[in-house]
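Quick note, the sequence shown lines up with residues 1 to 240 if you use the UniProt record's numbering. Even glycine gets a Cβ: it sits at the ideal position worked out from N, Cα and C. Below is one structure; the comments refer to it alone.
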Amino acid sequence: MAIAALFLPEATDYIASSPEESIALAQPMHSSPFVLGLREAAKKSSLAINVGIHVPAENGKIRNRSCWINEKGEIAPGYYYDKLHLFDYGALKESNVVEAGNDIVPPIETPLGRVGLTICFDLRFPEISLALKRQNAQIITYPSAFTVPTGEAHWETLLRARAIETQAYIIAAAQAGLHNEKRRSYGHSMVIGPWGEKLVEIIGDGSEPEIAVVDIDLDYREKRKQSMPLLRRTDVYPEI
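If you want it as structure tokens, here you go:
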């Protein structure tokens, strides 16, 4: 079986135990040893990689970034996206450390299809996925690190909702388990099909590395779109 791409979670490079540590560990995308290692691996294996990382921002904060490394090991212009919606919930105040992005990145042409990039908390805002759908995204990625309470309550429901309304494949690689004394992630990486069906789920607690393989069938997606046409009334409400 030929594998075309590897999808990794949000913050694959690190999850820090303090705001100061998070800022100190961030490195520029094009010189980060972690990213350079992934680029070399992608080139050597002819395997595209989608990965969540941190990069320094100009104002002393950092950016929460999802980048696409193509099968040649390249991160081309337009191959990365900075998280728009920051997670300020309970004791977690992402905006204290992270500078929000300002743009929805057009879907990237890949061997798998047209891939739209988002990150974690963006999942709660359908506007971004609908904007990507309008640009014919066939796959939308949600690299994530959901908390346990929000994951138990909403994770699968939100992923399936985004798939149903966009008729796209939803790929959500998720951090799992205990990171430090302050932080545990829900896990449950999933791929949802364009009919809203769960194609795969990883249910481990993060104590051991796990991986899942799934087929992306764009012909199947087109059949689902034809069987359930979503004819929007943009004469009545705004087009997103």
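Of the residues Thr166, Gly60, Pro107, Ser227, the one whose Cα lies closest to the Cα of Ser95 is Gly60. The secondary-structure analysis by DSSP pairs Asn64 across a beta bridge with His54.
Segment contact: the segment 126-144 against the segment 26-37, fewer than three CB-CB distances shorter than 8 Å; contact not assigned.
Restricting attention to Glu181, Thr166, Glu165, Ser185, the CA atom closest to the CA of Ala173 is found in Ser185. Along the segment 142-197, the beta strand (DSSP E) occurs as fully enclosed runs of 3 or more residues at 169-172, 176-180, 183-186, 190-192, listed in sequence order.
Here the C-alpha atom of Lys223 lies approximately 21 Å from the C-alpha atom of Pro107.
In summary, Thr157 is exposed, with fewer than 16 beta-carbon neighbours lying within 10 Å of its beta-carbon over all protein chains present. Our two residues, Glu208 and Tyr237, have alpha carbons roughly 48 Å apart in a direct line. Annotation for Arg224: the continuous alpha helix (DSSP H) segment containing it runs 218-227.
Distance between Ala163 and Ala91, taken at the CA atoms: about 30 Å.
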